[in-house]
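Residue numbers (my numbering): 10 to 119. Beneath this line is the structure, given in structure tokens, with notes to follow.
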């Protein structure tokens with residue numbers, strides 16, 4: 010039975026953890042992990058499209074890129090920065106000492 014206050018199709022566990030400000034719980038929900046995976050996939054597709062577009066229109070965009078590309082890049086940067094910040098807040102010292110330390114450092118460097 011779905012909670013009446015949760016939108017259709019949204020994970021009720023995610024909503025409960027969000028309401029209780031349980032950041033550690035939020036980053037482990039299927040909804041959060043799915044959103045992160047979708048953002049990575051969408052960013053990859055966006056970058057591929059941008060590279061192809063600029064390669065085929067090289068003469069037109071020698072000195073600058075289209076404005077929409079800069080906006081898209083900024084949106085994805087904010088999304089990934091938010092995800093990284095949530096994981097750091099939730100994991101605290103474990104962010105650099107857990108078994109996922111190499112992935113965490115990789116995400117931080119990128």
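Here a beta-carbon is modelled for each residue, glycine too, at the ideal position from N, C-alpha and C. These numbers were taken from a predicted model, which means no experiment stands behind them.
DSSP-derived helix/strand/coil call for residue 53:
Here residue 53 is taken as the residue at index 44 of the chain shown, counted from 1. Here residue 53 sits in helix by DSSP.
Go through its chain and collect everything with a Cβ distance to residue 92's Cβ below 7 Å, but skip five positions before and after it.
By 1-based counting over the chain shown, the position of residue 92 is 83. Correct list, in chain order: 45.
Counting only the same chain and skipping the five closest in sequence on each side, list residues whose C-beta sits under 6 Å from that of residue 96.
Residue numbering aside, residue 96 sits at position 87 when the chain shown is read from its first letter. Within the same chain, residue 96 has close Cβ partners 36.
Measuring alpha carbon to alpha carbon, tell me which residue in 102, 99, 108, 89 is nearest residue 118.
Stepping through the chain shown from its first residue, residue 118 is reached at position 109. Of the listed residues, the one whose Cα sits closest to residue 118 is 89.
Return the residue from the list 85, 71, 65, 73 that minimises the CA-CA distance to residue 55.
Locating residue 55 in the chain shown gives position 46, counting from the first residue. Among 85, 71, 65, 73, the Cα nearest to that of residue 55 is on 85.
For residue 72, which three-state DSSP category applies?
For the purposes of this step, residue 72 is taken as residue 63 along the chain shown, with counting starting at 1. The answer is coil: DSSP assigns residue 72 none of H, G, I, E or B.
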